[in-house]
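Asker: First, the structure itself, so that you have it in front of you.
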Amino acid sequence: MTVTINKRTISSDAAFKAVGAAVEKGFAIGCRVNAAVVDAGGNLLAFRRADGAFLHSISIAQDKAYTAAGFGVSTSQLYEAVKEPAALRDGIMLRERIVLFGGGHPIVVDGEVVGGIGCSGASEEQDSICAQAGLAAIGIVAH
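Residue numbers for the sequence shown follow numbering that gives the first Met the number 0, beginning at 0 and rising by one.
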């Protein structure tokens with residue numbers, strides 16, 4: 000019996016680079032976002048808030064990252080997976096920290112989820128674009 004396992008997680012250097020790139024992408028496309036990166040266990044590792052980004056979007060960005068890391072899919076993909084039946088969707092939405100709209104992406108390295116990134120403060124599409132820019136800055140392709 001194996002008692003322990005080794006699990007990789009994103010480094011703090013990569014996490015800070017990703018949130019920086021995500022916020023900068025927001026500026027480039029005309030929006031102000033909050034960006035968060037969590038480690039493989041869903042713990043906040045890096046955060047950056049653009050000047051003027053919505054205060055309520057701080058926790059939403061963190062929850063998007065948490066959701067993506069925990070489920071291993073983007074927050075918009077998770078919605079598609081649970082939208083029917085309604086009881087499943089409604090039950091999942093009632094869970095603390097679960098987000099079912101765009102802007103959260105898992106951070107996947109060699110097929111293993113090592114963290115998640117979430118952006119909030121703009122439209123779903125813009126949040127997702129910013130999160131994907133954060134991933135690209137560290138050499139990760141969005142899933």
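For every residue, glycine included, the Cβ atom is placed at its ideal position computed from N, Cα and C.
1. Checking the sheet assignment: what are the DSSP bridge partners for leucine 43?
2. Check whether the segment 69-88 and the segment 98-112 are in contact - that is, three or more C-beta pairs closer than 8 Å.
3. For alanine 148, which residues of its own chain have a beta-carbon under 6 Å away from its beta-carbon, when the five flanking residues on both sides are left out?
4. Looking at the ligand SAM, does it come within less than 6 Å of glycine 71, judged from the CB to the closest heavy atom?
5. Suppose the cutoff is 6 Å on Cβ atoms and the five residues either side in sequence are ignored; what does the same chain contact list for serine 127 look like?
6. Quick check: alanine 60 and glycine 115, are their CB atoms within less than 7 Å of each other?
7. When the Cα atoms are used, what is the spatial distance from glutamate 23 to alanine 121?
8. Could you check where the beta strand (DSSP E) with cysteine 118 kicks off and where it finishes?
9. Do valine 18 and valine 37 count as a contact pair if the criterion is CB distance below 7 Å?
10. Rounded to a whole number of angstroms, what is the C-alpha to C-alpha distance between glutamate 124 and alanine 141?
Answerer: With the structure as the only source:
1. Val37
2. yes
3. The question about residue 148 has no answer here: the residues shown for the chain are numbered 0 through 142.
4. The ligand SAM is not part of this structure, which contains no ligands at all.
5. Within the same chain, serine 127 has close Cβ partners Gly101, Gly102.
6. no
7. One C-alpha to the other measures close to 13 Å.
8. 111-119
9. no
10. One C-alpha to the other measures close to 14 Å.
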